[in-house]
Amino acid sequence: MLEIGGQVRRGRQAIIDGPKHDLATRYGATYHHMGQIYIDLDEDEATILTYQVAYHLPKASELTTHVDAGGRYHAVARRTEDGRRITRLRLEIVFAQGAPMSFDV
Numbered sequence: 001m002l003e004i005g006g007q008v009r010r011g012r013q014a015i016i017d018g019p020k021h022d023l024a025t026r027y028g029a030t031y032h033h034m035g036q037i038y039i040d041l042d043e044d045e046a047t048i049l050t051y052q053v054a055y056h057l058p059k060a061s062e063l064t065t066h067v068d069a070g071g072r073y074h075a076v077a078r079r080t081e082d083g084r085r086i087t088r089l090r091l092e093i094v095f096a097q098g099a100p101m102s103f104d105v
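Next up, the structure:
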């Protein structure tokens, strides 16, 4: 499950298809950077916190018009027969700047 911008996506395919619908239709270029990754690991479960900054250009040719955001991803991964798998992922947006950001699709 992925929570992003007030939306909940369930299932692997819904999560995979998200950027194609959310980003590709709105932006000519994007850049997403993740860092400061913290993992708290026990026998069967891991909690993960990572920080991200994302830059979005509605038109790649207009470099000064952009939609930017930063936040934290909160995740839980559980041990399975195939290794650890993320079972929950939530994006907490901490700041936004530039043109207004929308998650309405």
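So the sequence shown is numbered by UniProt numbering: it starts at 1 and just counts up by one.
Here a beta-carbon is modelled for each residue, glycine too, at the ideal position from N, C-alpha and C.
Bear in mind that the values here come from a model prediction, so they are computed numbers and not experimental data.
Secondary structure of residue i, DSSP reduced to three states
{"i": "R26", "result": "coil"}
{"i": "G6", "result": "coil"}
Pair within 9 Å by beta-carbon distance, residue i and residue j
{"i": "E43", "j": "R72", "result": "no"}
{"i": "Y27", "j": "H56", "result": "yes"}
{"i": "H21", "j": "A54", "result": "no"}
{"i": "residue 133", "j": "R10", "result": "Shown here, the chain extends from 1 to 105; a query on residue 133 therefore has no answer."}
Nearest candidate by alpha-carbon position, reference residue i, set the options
{"i": "D68", "options": "I15, R85, Q13 and Y31", "result": "Y31"}
{"i": "P100", "options": "H66, R84 and K59", "result": "H66"}
Identified DSSP bridge partners for residue i
{"i": "A96", "result": "A69"}
Residue ranges of each alpha helix (DSSP H) within the UniProt domain "SnoaL-like" (8-90), 4 or longer:
12-22
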